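Novice:
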Amino acid sequence: MTAALSLNIASSQTLGTLHVNEYKLSNGLTVWLNEDHSQPKVFGAVVVKAGAKDCPNTGIAHYFEHMMFKGTDKIGTIDYAAEKVFLDSIARKYDDLRQTKDKKRRMFIQYEINRLSVKAAEYVIPNEFDKLVSKYGGSKINAGTSYDYTVYYNTFSPQYIAQWVEINSERLLNPIFRMFQSELETVYEEKNMTGDYIGGQAIEKLTERYFYPHPYAYPIIGSTENLKNPRLSEMRKFFEEYYVASNMGLILSGDFDTATTLPLLEGTFSRIPQGEAPRSVIAPPPPFKGRERAVAKFPIPLIKAFAFGFRGVPSDHPDQAALNIAVGILNNTNGTGYLDKLTVERKVMTAMSINESLNDAGILAVFVVPQLVVQSYRNAEKLVWHEIERVKEGDFTEDTFNSLKLEQLRQHMTGLEDINSRSQVMIRLFSQGKSWNDYMKELDNISKLTKEDVMRVANKYFGANYLYVRKKTGKYKKEYLPKPNFAPIVPKHTDATSEYAKELEKLPVREVVPRFVDFEKDVKTIQLADKVTLYTKYNSVNDIFTLNFSYGVGCLERPLLSQLAIYLPYLGTDRYTYEEFRSHLQTLGSTLMFDVDDNNFTVKVSGFDKNFKETMEVVQDFFNHAKVDRERLRVLVDNAKVTEKAFFKSSNEVAAALFERVQYGDQSRYLRKLSLSDIKELTGEELLRLFAEVQRVECSVHYCGTLSELEVSERIKEYLPLEQITVSSRSPFYRTAIDYKKPMVFFYDMRDISQSIVYGYFLGGPFDEETRHASKLFSVYFGGGMSSIMFQEIREFRSYAYYTYGGFQLPPVRYKDQPVSFVSLLSTQNDKTVDAMIVLDSLLRHLPEQPDKIEAVKQSILNQISNGYPTLREISTRIAGYKRDGYANDPNKTLFNNLETLGIEDIVRFHQIYMQGSQPVYIVVGNSKRIDMKRLASFGTLVRMKRKEFYR
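According to the numbering used here, the residues represented by the sequence shown are 5 to 956, in order.
Following this line, the structure appears as C-alpha cells:
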C-alpha cells in the first residue's frame, strides 16, 4: 500500500513540474518546446521519421545523415553554379558505377569520379556548416540514424537561438552531396570499426535471423555490396520523399522563451516543403513456430552461452508497461529479480532479460551464461525456465509488485530531470508517433497495473514459440575493402566565407557572459567533521534524492578497489540476508550502489525523500555490518576469467593497455591490476577490511533532494561514524609519465582486425597558468573537433581515418610543476595506417598556420564553457573536483578572461617552444599482414610488444 501511494503522489508531482508545448507550423511541421532555465543552454534537435527500415540494406538513410554536414547550395561553397557542373557529372558517374560489373571499367569510373571530385573541391568551403554552428554558440554537434528515424542535434547558447533556427532550417532546404567520395571512404571505416567490436558480427547475424523478413533484419549502415555501389540519385529521391514537413519534428529544451521563439520558428522552419512521406505497410516479423534454432559465433573460448528470443511488443503497444514489470520481476536494479538470484546464488554465471521496443516490433529475450566448465546447457535452461514460469503463475508478492512499479516510476522521473536526458525522451516519443501527454499518461497508468495484468502478458509473450540461440566458439569471415589509390580531395578555400555566412553576421546577438560555477552560492557546504564535507543542492524537479559518499581513494592508488566494487553488491549484513537486504531497499524505492574511478571510491544511495530516514538506517547497517560471503567470491573469479579470454579480442582495449604501458611504464593500471591468480587468493575478510579502510579516508558527501541541509547533516551524523574518518586523501593520484629521448614505434600484432588504432605521444612542459590556456587553444586548433587541422587533413580530405583526436593532457593544477603529455589518437583501415601516420607526423612537425581559424577555435572553447554548466545533481561533484585539483574557484572563469588576449601567434609560439624538435613515440595495434612494416619502422625504432609486457 505504501509503495502504491507513493507512486500516485510522486506522479502528480512530476506532472505539475514538467511541461512541453506542442505546436504545428503553417507547413505542418511539429514543434515541441520545453522551457527549462536550470542551465544556461538549449538542446535543439530535428527528428525525421525515416530510418534504415525505409531503405533496407542500402545504407542510404545513414549515408544521407553524413552528407547533411556538407552544406547546401548556399552553405559550404564559394560558387555553387560552377560547382554544380562537376557535382552533376559525379552523380551520373555513380549511377554508371552501380550498373557496371567489370572491375577494370569500375576502377576507371572511380578514378573519373576522383578527378571530378578534385575539380569540384575547388569551390568547396570545408565544414562551413559545422563552423557556423560553432560560431553561433553550438557544441556537441552530432547526428544518428536508427531503424525508425534520423536525428540531428546539438547544444547551443540561448543568445544565438535566431542563428540556430536559421542555419538548421537552411540545411534542410537543399542539401548538396559534395565531397561524397571521401565521405564514402569514411563510411567504409565505420563499417570496419563496427566489424572489429567483440560480437559485432554475431549481433548483426542474430538481428537478421530474429527479424527476417522485416527490414529490421538488415544493418543500418547497409551491406558491403551496397556500400560499394551508392547512387546519389536514389539519395536525392530519399531526401525529397521523406524530408518533408509533416514527417519532421523540431525539439527545443532549455533556456529560452516560448513566446518569442515561436515567431522565429515560423519564419524559418516553415520554409521546409509540405508533403506526405510514403508509408508502406510493413508486416511485423512472423511468429516463431515452436523452438526454432540458431547458432551465433563468438571468438571467446571457455564460455558457454544461450538465449531465448521471444516476440516482444512495438513501442505503441498497450502491453508494454505490464511487460516491463514482468521483466523487472526477472531482473531489476536492486538485484532481487528471479534471474538475478540465479546469478547471485551462483546457479548460473549470468542470466538477464531484455525488453526493448522499436516502432514496428519488440525484442524480448533472456540471455544466459552457464557456470564455467561444470554446468550443462540443459541444467541452466531448466533453472531459467523455472523462474520464468514463476512469473507466469503469479508467484510474486504484492510488495514485490508494488516496489517494481515504484522503481519504474523512479527511472522515468530521473530520466526527465535535466535538459539532456529529457530531450532524449522527447526525441524517442516523437519518433514513435506519441505526444508528450501520452507519455505522462503512461506514467500514471503504471499505478493502475494489476498483478493479473503482469501474469497475462507473461503467459502471452514468454510462450513455447521462440528462437533458441546457442553460442559457438568461432569467427565470421570479414569483408575487407582495400584502400583506393585516389588523389586527396583538398579544398582550396579552407578559410573562405560564403555569402550566406556573411548575411548571417547581420543578425543581432545579445552579449551574454557565461554562467560560471560559484563555489559559495551554487551549493550549500557544511563541514561535518575535519575530513568530511557535505554539499547539498535543492532538487526543484521531483522528490527523488541522491546521496553519494565519495571517499578520496581510487583504483590508481589501490587497484584492489576494483574488485571490492564488484563484491559489495552481492552481500547482505549480519542482520539481513542478501535477499532480505535488497528487498528492503526495493520496498522503500531506494538503491545502494558502489563505484570506483581513478581517484574516488563512491557509495551511491538514491530513493524518495520521504523514505530518507529509513533508507539511511538500511545503509548504516551495511556500512557497519556487511557480512562476508565466501561463495560470492566466485563472481570475482568468473569475471576475471571472462575478462582474460575477452581482453585480447578487443583492439580498443589492447591499444589502451599498450598506450598506458608506454606512457607510465610499470605504473600502468594494466600492470598493477590483480591477476587471475591474485583474485583466486582473495578472501571476503580481506575485502571487507579494505571497505573499512576506505571508510576512514577523507570524504565528500553529495546530497541532492528536497530536504534541508540541516536535516540531511543530522541524519548523516546520526547514522554514520564520522569521527572514524581521519586519513587524508592523496587524490588526485599522480603518476610520473615517461620521457622518451628518441623516436620509437611500439607495435602489437592482431591478425584478425580490420582497423589499426594509432596513438601518438610525447612529454612536454611543465606549464604555468597562461601556458595552460594556450595549450587549450592549441589542442582545439590541432585536434579538437570537425574543424580542427587533424580532422580536416586526415579524415575530411584524405579519408584516412574515421576517428581523430589530438591535444594536451594536463596534470591537475596542484601538480602544475609536473610535465604534460601530448596525446593523439586515430583509428584507420590497416592498409592506410602508414599513410595516416605520415600526415599526422607532418602536422606535428610543421603546423599549418590558418589565422582565419582562430576566432572559431576561441568560440568553440567559449561554447564548451557556456554549454557545460552542470545539472543539479552534477554541480556539487564538479565543485568538489575543482577543489580537489587545487582550484579556489571555477577555472573556466580565468580561461574565459584570458581567452580574448590569445591569437594565432600564441598557437605558433606554443608549437615552436613545446612541440618543434619533440620526438613523438607511436603506439600501433594493427594487422601486420596489411601494414607496410618497413615503412612503419621509418617512424622510429620498431618494438614488437608481447602480451605480458603490457598486461598482467
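For glycine and all other residues, C-beta sits at the position ideal for the given N, C-alpha and C.
Values in this document were obtained by computation on a predicted structure and should not be read as measured data.
Bridge partners for His-706 per DSSP, in chain order?
Specialist: Looking up residue 706 in the sequence shown gives position 702. For His-706, which the question treats as bridged, DSSP gives the partners Tyr-539, Asn-552.
Novice: Tell me which same chain residues have a C-beta within less than 8 Å of the C-beta of Ser-783, skipping the five on either side of it?
Specialist: As a working mapping, residue 783 is identified with position 779 in the sequence shown. For Ser-783, where only same-chain residues beyond five positions count, the Cβ hits under 8 Å are Gly-810, Gly-811, Phe-812.
Novice: Report the start-end ranges of each alpha helix (DSSP H) in the segment 435-476 that is 4 residues or longer and not cut off at the edges.
Specialist: Qualifying alpha helix (DSSP H) stretches, in chain order: 440-450, 455-465.
Novice: Bridge partners for Gly-142 per DSSP, in chain order?
Specialist: The residue you call residue 142 lines up with position 138 of the sequence shown. Bridge partners of Gly-142: Phe-160.
Novice: Counting Cβ pairs closer than 8 Å, one from the segment 364-374 and one from the segment 292-299, do we hit at least three?
Specialist: No, the segment 364-374 is not in contact with the segment 292-299.
Novice: Round the Cβ separation of Asn-196 and Gln-759 to the nearest angstrom and send it over; I've been treating them as touching at under 8 Å.
Specialist: Working through the sequence shown from its first residue, we reach residue 196 at position 192. Working through the sequence shown from its first residue, we reach residue 759 at position 755. Their Cβ separation, rounded to whole angstroms, is 5 Å, which keeps Asn-196 and Gln-759 in contact under 8 Å.
Novice: Starting from Met-597 and walking both ways along the beta strand (DSSP E), at which residues does that stretch end?
Specialist: On the sequence shown, position 593 is the one that residue 597 refers to. Element bounds for Met-597: 595-600.
Novice: Let me check understanding here. Comparing Cα to Cα, which of Ser-186, Ser-274, Val-494 lies closest to Asn-172?
Specialist: Numbered from its first residue, the sequence shown carries residue 172 at position 168. Nearest option by C-alpha distance: Ser-274.
Novice: How many angstroms separate the CA atom of Ala-300 from the CA atom of Leu-596?
Specialist: The sequence position of residue 300 within the sequence shown is 296, counting from 1. The sequence position of residue 596 within the sequence shown is 592, counting from 1. Whole-angstrom Cα-Cα distance: 36 Å.
Novice: In this structure, does DSSP put Leu-254 in helix, strand or coil?
Specialist: Counted from its first residue, the sequence shown places residue 254 at position 250. Three-state result, Leu-254: strand.
Novice: Bridge partners for Lys-608 per DSSP, in chain order?
Specialist: For this step, residue 608 is matched to residue 604 along the sequence shown. Per DSSP, Asn-552, Met-597.
Novice: Relative to the C-alpha of Glu-584, which residue among Lys-645, Gly-341, Glu-174 is closest?
Specialist: In the sequence shown, the residue the question calls residue 584 occupies position 580. Among Lys-645, Gly-341, Glu-174, the Cα nearest to that of Glu-584 belongs to Gly-341.
Novice: For Ala-56, tell me which candidate among Lys-464, Asp-399, Tyr-220, Gly-253 has the shortest Cα-Cα distance.
Specialist: Here the question's residue 56 lines up with position 52 in the sequence shown. Checked all of Lys-464, Asp-399, Tyr-220, Gly-253; the closest Cα to Ala-56 is Tyr-220.
Novice: When the Cβ atoms of the segment 469-485 are set against those of the segment 199-216, are three or more pairs found closer than 8 Å?
Specialist: Enough Cβ pairs lie closer than 8 Å, so yes.
Novice: Note down the Cα distance separating Gln-436 from Asp-320, rounded to an integer number of angstroms.
Specialist: Here residue 436 refers to the residue found at position 432 when the sequence shown is read from its first residue. Here residue 320 refers to the residue found at position 316 when the sequence shown is read from its first residue. Near 7 Å, if we compare the C-alpha coordinates of Asp-320 and Gln-436.
Novice: Between the Cα of Ala-840 and the Cα atoms of Gly-398, Pro-303, Arg-802, which residue gives the shortest distance?
Specialist: The residue you call residue 840 lines up with position 836 of the sequence shown. With distances taken between Cα atoms, Ala-840 lies closest to Arg-802.
Novice: Whole angstroms is fine: what's the gap from Met-430's alpha carbon to Glu-402's?
Specialist: Residue 430 sits at position 426 when you count from the first residue of the sequence shown. Residue 402 sits at position 398 when you count from the first residue of the sequence shown. If I take the Cα positions, the gap works out to 32 Å.
Novice: Between the C-alpha atoms of Arg-426 and Glu-174, what's the straight-line distance to the nearest angstrom?
Specialist: Taking the first residue of the sequence shown as 1, we reach residue 426 at position 422. Taking the first residue of the sequence shown as 1, we reach residue 174 at position 170. When rounded, the distance between both Cα atoms is 26 Å.
Novice: Which value, in whole angstroms, describes the spacing of the CA atoms of Tyr-156 and Leu-254?
Specialist: Here residue 156 refers to the residue found at position 152 when the sequence shown is read from its first residue. Here residue 254 refers to the residue found at position 250 when the sequence shown is read from its first residue. Computed Cα separation, rounded: 10 Å.
Novice: To which residues of the same chain is Glu-194 closer than 6 Å at the C-beta, ignoring the five residues directly before and after it?
Specialist: For this step, residue 194 is matched to residue 190 along the sequence shown. Cβ within range, chain order: Tyr-806.
Novice: Quick check on the DSSP output: the beta strand (DSSP E) that includes Asn-178 runs from which residue to which?
Specialist: Start at 1 with the first residue of the sequence shown, and residue 178 comes out as number 174. Looking at the DSSP string, Asn-178 is not in any beta strand (DSSP E), and its letter there is neither H nor E.
Novice: Going by alpha carbons, who is nearest to Asp-522 out of Ala-54, Pro-874, Asn-158?
Specialist: Locating residue 522 in the sequence shown gives position 518, where the first residue counts as 1. The shortest C-alpha separation from Asp-522 is found at Pro-874.
Novice: What are the residues that DSSP puts in a beta bridge with Glu-360?
Specialist: Within the sequence shown, residue 360 is the residue found at index 356, counting from 1. Glu-360 pairs with Ile-367.
Novice: With C-beta atoms as the reference, is Val-331 less than 7 Å away from Gly-366?
Specialist: Position 327 of the sequence shown, counted from the first residue, corresponds to residue 331. Position 362 of the sequence shown, counted from the first residue, corresponds to residue 366. No, these two residues do not count as a Cβ contact at 7 Å.
Novice: Identify, in the order they occur along the chain, each residue of the same chain with its Cβ nearer than 7 Å to the Cβ of Leu-268, setting aside the five sequence neighbours on each side.
Specialist: Your numbering for residue 268 matches position 264 in the sequence shown. Within the same chain, Leu-268 has close Cβ partners Ile-165, Ala-166, Val-169.
Novice: For Thr-832, report the span of its alpha helix (DSSP H) as first-last.
Specialist: Translated into the one-based positions of the sequence shown, residue 832 becomes position 828. Thr-832 -> not in any alpha helix (DSSP H); beta strand (DSSP E) instead, spanning 824-833.
Novice: What does DSSP give as the partner residue(s) for Asp-753 in the beta ladder?
Specialist: Mapped onto the sequence shown, residue 753 falls at position 749. Asp-753 is bridged to Gly-930.
Novice: Once the 5 residues before and after Lys-617 are set aside, which same chain residues still bring their CB inside 8 Å of it?
Specialist: For the purposes of this step, residue 617 is taken as residue 613 along the sequence shown, with counting starting at 1. So the list reads Arg-719, once near-sequence residues are dropped.
Novice: Span of the alpha helix (DSSP H) holding Tyr-571?
Specialist: Numbered from 1 along the sequence shown, position 567 holds the residue referred to as residue 571. Tyr-571 -> alpha helix (DSSP H) spans 565-571.
Novice: Between which two residues does the alpha helix (DSSP H) carrying Thr-881 extend?
Specialist: Taking the first residue of the sequence shown as 1, we reach residue 881 at position 877. It spans 879-889 - the alpha helix (DSSP H) in which Thr-881 sits, taken as one unbroken run.
Novice: Going by alpha carbons, who is nearest to Met-620 out of Val-458, His-588, Lys-745, Leu-640?
Specialist: Start at 1 with the first residue of the sequence shown, and residue 620 comes out as number 616. Answer by Cα proximity: His-588.
Novice: For Val-348, collect the residues of the same chain with a Cβ closer than 7 Å to its Cβ; drop the 5 residues on either side in sequence, then sort them by chain order.
Specialist: Your numbering for residue 348 matches position 344 in the sequence shown. The answer, listed in chain order, is Gly-339, Tyr-574, Tyr-582.
Novice: Three or more beta-carbon pairs under 8 Å between the segment 128-138 and the segment 75-94, yes or no?
Specialist: In short, these stretches touch, since the Cβ pair count reaches three.
Novice: Hey, quick one: how far does the alpha helix (DSSP H) through Phe-782 stretch, first residue to last?
Specialist: Here residue 782 is taken as the residue at index 778 of the sequence shown, counted from 1. Unbroken alpha helix (DSSP H) run through Phe-782: 773-787.
Novice: Where do the ends of the beta strand (DSSP E) carrying Ile-94 lie?
Specialist: If you number the sequence shown from 1, residue 94 lands on position 90. No beta strand (DSSP E) holds Ile-94; the alpha helix (DSSP H) holding it covers 84-103.
Novice: For Phe-112, is the classification buried or exposed, using 16 other Cβ atoms within 10 angstroms of its Cβ as the cut-off for buried?
Specialist: One-based indexing of the sequence shown puts residue 112 at position 108. With fewer than 16 Cβ atoms within 10 Å of its Cβ, Phe-112 is classed as exposed.
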